[in-house]
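Asks:
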Amino acid sequence: MDLTQQFDGVVLTSETLQVGPQEIQQAIDQLDEDLKKAIQLAYANIKAFHEAQKRETLVLETMPGVLCERRAVPIQKVGLYIPGGSAPLFSTVLMLAVPAQIAGCEQMVLCTPPNAQGQIHPAILFTAHLCGITKIYKLGGAQAIAAMTLGTAIVPKVYKLFGPGNQYVTAAKQYAQNYGVAIDMPAGPSEVLVVADHTASPAFVASDLLSQAEHGSDSQVVLLCTHPELIPQVEVALDQQLNELPRKEIAQKALNHARLVQVADLDQALEISNAYAPEHLILSVEHPRACIDKKLLSIQNTGSVLLYGVLGKAIKAQSANQQKIVESAQTHDMIFAVGPAGTGKTYTAVALAVKALK
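Letter by letter, the sequence shown follows residues 1 to 358 of full-length UniProt numbering.
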């Protein structure tokens with residue numbers, strides 16, 4: 001609580017640190033009905049996608065009388081960290097909580113920084129309630145990770161931590177592993193890599209790049225283009241759209257180290273993409289599915305792939321709702337996205353019948 005006062009400028013007590021039922025109900029009552037419906041739709045979509053991935057018990061008779069099993073069980077207590085910011089990240093709540101809910105985790109502990117008035121945005125509380133989370137704490141930063149790692153008189157100790165954050169949260173999560181707490185991934189700055197050809201819309205490509213740039217000044221934004229005339233057209237579209245963004249200053253800082261790169265062909269673009277291993281990969285090309293189905297040089301390392309069509313990343317992230325908590329900092333060559341498997345664990349069992357001993 002001292003650190004919350006120091007870094008967030010909010011004075012909390014042991015009585016106000018945890019969000020109570022009355023605060024949750026007030027949030028539900030005051031949230032816009034259209035936003036509620038949008039969150040409920042996203043919840044249904046995400047739940048359907050992840051329920052299809054749920055691990056089932058595997059039973060195999062390897063020889064007469066010998067039954068080998070792999071059983072999937074949930075992690076009992078998981079900690080969900082939801083970053084603060086100028087916009088409420090209720091989508092992050094959905095992407096973390098729904099897989100844990102499907103896996104059957106007994107307890108979900110959610111920590112998120114309070115605003116200057118010591119409150120949590122109603123959209124966050126409504127979404128948490130929708131996902132069945134009852135333990136919600138006004139706590140952010142490395143101190144939230146420490147509380148869930150070690151446990152306090154108020155915040156329960158968890159067995160695995162999930163969720164993105166700044167460099168201090170990431171460092172705290174990595175340090176938490178020294179205390180026997182697992183983590184989902186070492187999240188770094190957000191990334192998008194767009195592969196585009198002669199069929200790409202400069203305005204759509206610019207929108208996709210900006211949708212990631214406005215995440216933070218350290219976001220990584222890259223365009224790989226096979227068509228020589230597209231890059232200057234995208235630069236013009238970026239300038240036009242940037243002036244319309246509420247988070248213009250943040251996006252501009254990210255664009256200062258963005259890269260718009262001309263490549264020889266699609267094969268070279270995919271080779272660079274696999275080496276870069278981006279968090280988000282967008283294929284704004286004539287035949288996007290061929291990039292996935294290729295036998296020799298297919299997509300190997302990315303957190304999520306958008307086969308463009310007429311939809312951009314901003315639309316996909318909020319309506320298709322597969323999973324947006326995916327690997328950043330070019331880690332997808334070794335780490336997997338959050339899902340029911342990540343919020344559970346497996347063990348094996350062997351049963352021997354009498355005939356197996358003969």
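Just so you know, even glycine gets a beta-carbon here, dropped at the ideal spot from N, CA and C. Since this is a predicted model, take the numbers as computed values, not measurements.
Do the stretch 220 to 233 and the stretch 260 to 269 meet, that is, are 3 or more Cβ pairs less than 8 Å apart?
Replies: Yes: the two stretches touch, three or more of their Cβ pairs being nearer than 8 Å.
Asks: Relative to the alpha-carbon of Lys160, which residue among Pro88, Ala251, Thr62 and Gln177 has its alpha-carbon at the smallest distance?
Replies: Your numbering for residue 160 matches position 160 in the sequence shown. Out of Pro88, Ala251, Thr62 and Gln177, Gln177 has the C-alpha closest to the C-alpha of Lys160.
Asks: Among Asn115, Ala48, Phe126 and Pro74, which has the Cα closest to the Cα of Val93?
Replies: Position 93 of the sequence shown, counting from 1, holds the residue named residue 93. Answer by Cα proximity: Phe126.
Asks: Could you tell me if Ser14 is buried or exposed, where buried requires 16 or more neighbouring beta carbons within 10 angstroms of its beta carbon?
Replies: Your numbering for residue 14 matches position 14 in the sequence shown. By the 10 Å Cβ count, Ser14 comes out exposed.
Asks: For the candidate residues Thr62, Pro186 and Leu283, whose alpha-carbon lies nearest to that of Gly163?
Replies: Numbered from its first residue, the sequence shown carries residue 163 at position 163. Checking every option, the nearest Cα to that of Gly163 belongs to Pro186.
Asks: State the beta-bridge partners of Thr149 as determined by DSSP.
Replies: Residue numbering aside, residue 149 sits at position 149 when the sequence shown is read from its first letter. Paired residue(s): none; Thr149 is not in a bridge.
Asks: Tell me which same chain residues have a C-beta within less than 7 Å of the C-beta of Thr112, skipping the five on either side of it?
Replies: Taking the sequence shown and counting its residues from 1, one reaches residue 112 at position 112. The residues are Ile82, Gly84, Ile120, Ile124 and Gly140.
Asks: Measuring alpha carbon to alpha carbon, tell me which residue in Ala206, Leu110 and Gly151 is nearest Ile133.
Replies: Here residue 133 refers to the residue found at position 133 of the sequence shown. Ranking Ala206, Leu110 and Gly151 by Cα distance to Ile133 puts Leu110 first.
Asks: Using a Cβ-Cβ cut-off of 6 Å (strictly less than) and excluding sequence neighbours within five positions of Gln5, which residues of its own chain qualify?
Replies: In the sequence shown, the residue the question calls residue 5 occupies position 5. Correct list, in chain order: Val11.
Asks: Quick check on Lys54: does DSSP put it in helix, strand or coil?
Replies: Within the sequence shown, residue 54 is the residue found at index 54, counting from 1. In the structure shown, Lys54 sits in coil (DSSP, three-state: anything other than H, G, I, E or B).
Asks: Excluding sequence positions up to five away, which residues of its chain have a Cβ less than 6 Å from the Cβ of Leu130?
Replies: For the purposes of this step, residue 130 is taken as residue 130 along the sequence shown, with counting starting at 1. So the qualifying residues of the chain are Tyr43.
Asks: Is it true that the stretch 64 to 78 meets the stretch 94 to 105, where meeting means three or more beta-carbon pairs spaced less than 8 Å apart?
Replies: Yes: the two stretches touch, three or more of their Cβ pairs being nearer than 8 Å.
Asks: Ends of the alpha helix (DSSP H) at Arg289?
Replies: The residue given as residue 289 occupies position 289 in the sequence shown. Per DSSP, Arg289 belongs to the alpha helix (DSSP H) from Pro288 to Asp293.
Asks: Please find out if some non-hydrogen atom of the ligand ATP comes closer than 7 Å to the beta-carbon of Cys68.
Replies: With respect to the ligand ATP, the structure shown offers nothing to examine, as it has no ligands at all.
Asks: Quick check on the DSSP output: the alpha helix (DSSP H) that includes Tyr179 runs from which residue to which?
Replies: Walking along the sequence shown from the start, residue 179 turns up at place 179. No alpha helix (DSSP H) holds Tyr179; DSSP gives it neither H nor E.
Asks: Tell me the rounded alpha-carbon separation between Asp29 and Glu23.
Replies: For the purposes of this step, residue 29 is taken as the residue at position 29 of the sequence shown. For the purposes of this step, residue 23 is taken as the residue at position 23 of the sequence shown. Cα-Cα distance, rounded: 10 Å.
Asks: Measuring alpha carbon to alpha carbon, tell me which residue in Ala206, Thr199 and Glu191 is nearest Gly303.
Replies: Taking the first residue of the sequence shown as 1, we reach residue 303 at position 303. Closest by alpha carbon: Glu191.
Asks: Tell me the start and end of each unbroken alpha helix (DSSP H) in the stretch 199 to 234 that is at least 4 residues and wholly inside, in chain order.
Replies: If we require 4 residues or more, the alpha helix (DSSP H) runs fully inside the stretch 199 to 234 come out as 202 to 213.
Asks: Is it right to say Pro114 is buried, meaning 16 or more other beta carbons lie within 10 angstroms of its own, or is it exposed?
Replies: Within the sequence shown, numbered from 1, the residue matching residue 114 stands at position 114. Buried is the call here.
Asks: Output the distance between the C-alpha atoms of Asn166 and Arg289, rounded to the nearest integer angstrom.
Replies: As a position in the sequence shown, residue 166 is number 166, starting the count at 1. As a position in the sequence shown, residue 289 is number 289, starting the count at 1. Roughly 34 Å separates the two Cα atoms.
Asks: Between which two residues does the beta strand (DSSP E) holding Pro74 run?
Replies: Counted from its first residue, the sequence shown places residue 74 at position 74. Per DSSP, Pro74 belongs to the beta strand (DSSP E) from Val66 to Pro74.
Asks: Would you mind reading off the limits of the alpha helix (DSSP H) that contains Leu161?
Replies: Position 161 of the sequence shown, counted from the start, is the residue given in the question as residue 161. Segment Lys160 to Phe162 is the beta strand (DSSP E) holding Leu161; no alpha helix (DSSP H) there.
Asks: Tell me whether Gln18 sits in a helix, a strand or coil according to DSSP, three-state version.
Replies: Counting from one through the sequence shown, the residue named residue 18 turns up at place 18. Reduced to three states, the DSSP call for Gln18 is strand.
Asks: Express the C-alpha separation of Ala144 and Tyr213 in angstroms, rounding to a whole number.
Replies: In the sequence shown, residue 213 corresponds to position 213, counting from 1. In the sequence shown, residue 144 corresponds to position 144, counting from 1. The residue asked about is misnamed: residue 213 is Ala in this sequence, not Tyr. Cα-Cα distance, rounded: 26 Å.
Asks: From the DSSP output, in three-state form, read off Ser190 for me.
Replies: Working through the sequence shown from its first residue, we reach residue 190 at position 190. In this structure, Ser190 counts as coil in the three-state DSSP scheme.
Asks: Expressed to the nearest angstrom, what Euclidean distance is found between the alpha-carbon atoms of Gln53 and Lys47?
Replies: Translated into the one-based positions of the sequence shown, residue 53 becomes position 53. Translated into the one-based positions of the sequence shown, residue 47 becomes position 47. Approximately 10 Å between the Cα atoms of the pair.
Asks: Could you say which of Ala147, Val194 and Ala27 lies nearest to Ser284 if we only look at CA atoms?
Replies: Indexing the sequence shown from 1 puts residue 284 at position 284. Measuring from the Cα of Ser284, the nearest candidate turns out to be Val194.
Asks: Helix, strand or coil: how does DSSP classify Ser304 here?
Replies: Position 304 of the sequence shown, counting from 1, holds the residue named residue 304. Strand at Ser304.
Asks: May I have the straight-line CA-CA distance separating Ser201 from Ala275, to the nearest angstrom?
Replies: Locating residue 201 in the sequence shown gives position 201, counting from the first residue. Locating residue 275 in the sequence shown gives position 275, counting from the first residue. Each residue's Cα considered, the two are about 26 Å apart.
Asks: Select from Tyr168, Tyr137, Ala203 and Thr226 the residue whose C-alpha is nearest the C-alpha of Pro21.
Replies: Along the sequence shown, one-based indexing puts residue 21 at 21. Comparing Cα-Cα distances from Pro21 to each of Tyr168, Tyr137, Ala203 and Thr226, the minimum goes to Tyr137.
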